[in-house]
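Using UniProt numbering, the first residue of the sequence shown is number 1, and each one after it goes up by one. Glycine included, C-beta positions come from ideal geometry on N, C-alpha and C. All figures in this text were calculated on a predicted structure; none of them were measured in a lab. One structure is given below, encoded as structure tokens.
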Amino acid sequence: MSLLIRNARVIDPASGLDGQRTVLIDGGRITALAEASAAFSADETIDAQGLWVFPGAVDLAACLREPGLDHKATLASETFAAASSGITTLCYQPEPGANFDNAAQVKLIYDLNRRAHYANVEVLGNLTQGLKGQQLSNMASLKRAGCVGMSNGRQPFHSLQTLRRAMEYAATHDLTVFIYPVEHALAAGGFMHEGEVSARLGLPAIPSAAETVAVAQTLALASHTGAKVHFCRLSAKLSVRLIRQGKDSGLDITADVAAHQLFLTDMDVSDFNPLCHVMPPLRSARDLDALREGLADGTIDAICSDHQPHEVDAKLAPFQQTEPGISALETLLPLTLRLVEDGVLSLPEALRKITAGPATIIDSEAGQINVGAPADLVLFDPSALWELDLNTMHSNGRNSPFGGWNFNGAVKRTLLAGKTVFSS
């Protein structure tokens, strides 16, 4: 069926389009993009007066849990939560208990998602077998199976030589290596950022150097191997500076930041709030300012959710015994748009960080509005006001520190290949 969207403000950061347009969709793709007065007919027409239309968000980091950790969440529950929040493409990041060593495991994810079909799911394959950091995976086979990149998740490598060989192997197949920069010897046993707050609380801490040392090592290996490297979840001021220097020197690198790192600091852990137990840890206000500056000057290419849904019990223990992570799909877009309110980014720049920016990193045709592009679109009401209620979240995980926060603007409808997968 064909679909016509009239009278909307269409915002496409990829092309710079921002204005009243008529959008015609047929066969799952955009077939016409014309002035608001253009005359078209379709099987269904949406009058989007007062609404914005922009590309569905592309989230580079989501733990979707299934198969293997189904007690926390399922593909169906989390992709629906994504659709309700304007996210139409998710990257499934590997973790212990749910990772991808071979083509059959990747195919299973695609089969499971085809049944739900609320969002596109792309897979990051294992860089090493079982994420054990020792024997390299069959990256060529994983690429043929559809993996958009390779990662070892947050698991350590046996040695830098293993990482070097993995990067060389990935480079021969033109695969992007997704690196979580952490020097485990420096981070071992820590639960929060090392600073005045951790000293006052008496909690074992993780210094910023645990991240920046790993960033420096990986940059050196990227230069040596010529591999494409994406740095995941930056959190430290010096890391931003190192990435900026690496880009200036011509390295083929990109970087992202989790949305919560742009709004929360180690001060939010002051009352031992387990909902603020995340990895990398929430750092200082100076680090937060540097991350925002890195976004504004283009050093950081994308904002992601770093979605990690947990069952209730996972967050009920004392801080050190709780599992790290935030259920973050439903706050990715609202927090990104709050950066516009805070004057950090313009509206097109903010949307680029969650659409065209991440889409480019995984070499996806998503994240854009032009003729021939997939009709993965969001209809957004900028005048809506709402409060995040943990009890009404669509994700199976309710572990968010943003409960009770008020947000401006809400998703009214989400289209995936031209079909409505969420409507409020």
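What's the C-alpha gap between residue i and residue j?
i      : j      : result
Thr336 : Glu330 : 11 Å
Arg115 : Leu416 : 14 Å
Gly97  : Arg65  : 8 Å
Glu196 : His277 : 17 Å
Gly298 : Leu219 : 18 Å
Ser41  : Ser2   : 9 Å
Gly226 : Met150 : 15 Å
Leu201 : Ala290 : 25 Å
Ala375 : Lys419 : 8 Å
Arg338 : Leu142 : 37 Å
Ser208 : Ala185 : 13 Å
Ser327 : Thr128 : 27 Å
Gly294 : Asp70  : 36 Å
Gln161 : Asp174 : 20 Å
Leu33  : Val371 : 7 Å
Thr79  : Thr414 : 12 Å
Ala188 : Asn99  : 23 Å
Leu203 : Trp405 : 27 Å
Leu347 : Glu341 : 9 Å
Ala83  : Ser305 : 14 Å
Glu211 : Asn120 : 31 Å
Ala205 : Arg352 : 34 Å
Pro67  : Val312 : 19 Å
Have a look at the DSSP bridge pairing and note the partners of residue i.
i      : result
Gly149 : Leu124
Gln93  : Partner(s): none; Gln93 has no beta bridge.
Arg6   : Asp47
Pro55  : Leu377
Arg21  : Ala8, Glu35
Asn406 : Glu387
Ala205 : Met192
Arg29  : Asp26, Pro374
His230 : Phe178, Thr254
His307 : Ala62, Ile326
Phe422 : Thr414
Ile87  : Ala57
Should residue i and residue j be called a contact, given that it needs their Cβ atoms to be closer than 9 Å?
i           : j      : result
Thr89       : Glu122 : yes
Gly133      : Glu95  : no
Asp271      : Leu282 : no
residue 443 : Asp26  : Outside the shown range of the chain, which is 1 to 424, sits residue 443, and nothing can be said about it.
Ile300      : Val378 : no
Ile369      : Asp59  : no
Arg165      : Leu136 : yes
Asp389      : Gly403 : yes
Ala73       : Asn273 : no
Leu275      : Asn399 : yes
Leu334      : Phe231 : Residue 334 is actually Pro in this sequence, not Leu. Contact flag unset, no.
Gln261      : Ser235 : yes
Pro156      : Val177 : no
Ala296      : Leu332 : no
Ala285      : Ile361 : no
Gly367      : Gly357 : yes
Met139      : Ala170 : yes
Ala81       : His394 : yes
Arg6        : Gln49  : yes
Leu51       : Tyr92  : no
Lys237      : Ile253 : no
Met167      : Leu108 : no
Ile243      : Ala255 : yes
Run the CB neighbour count on residue i, radius 10 Å, all protein chains shown included, and call it buried at 16 or more, exposed below.
i      : result
Val23  : buried
Leu316 : exposed
Thr265 : buried
His158 : exposed
Arg144 : exposed
Leu385 : exposed
Ser383 : exposed
His224 : exposed
Gln308 : buried
Asp248 : exposed
Ser364 : buried
Glu44  : exposed
Ser198 : buried
Glu387 : exposed
Pop quiz: residue i and residue j are said to be a contact at Cβ under 8 Å. What is the actual Cβ separation, rounded to whole angstroms?
i      : j      : result
Tyr118 : Val421 : 5 Å
Gly19  : Arg9   : 7 Å
Ala57  : Gly86  : 5 Å
Leu4   : Ile46  : 7 Å
Trp233 : Val213 : Contrary to the premise, residue 233 reads as Arg rather than Trp in this sequence. The pair is not a contact, with the Cβ atoms about 16 Å apart (cut-off 8 Å).
Met279 : Pro324 : 4 Å
Cys147 : Val106 : 6 Å
Ala359 : Arg29  : Actually they do not touch by this definition, with Cβ atoms about 15 Å apart.
If we cut at 9 Å on Cβ distances, does residue i have a partner in chain B?
i     : result
Cys91 : Here there is only one protein chain, and chain B is not present.
Taking 8 Å as the cut-off, is the beta-carbon of residue i closer than that to any non-hydrogen atom of the ligand HEM?
i      : result
Leu329 : Inclusion of the ligand HEM in the displayed structure is not the case, the ligand content being empty and no account of it being possible.
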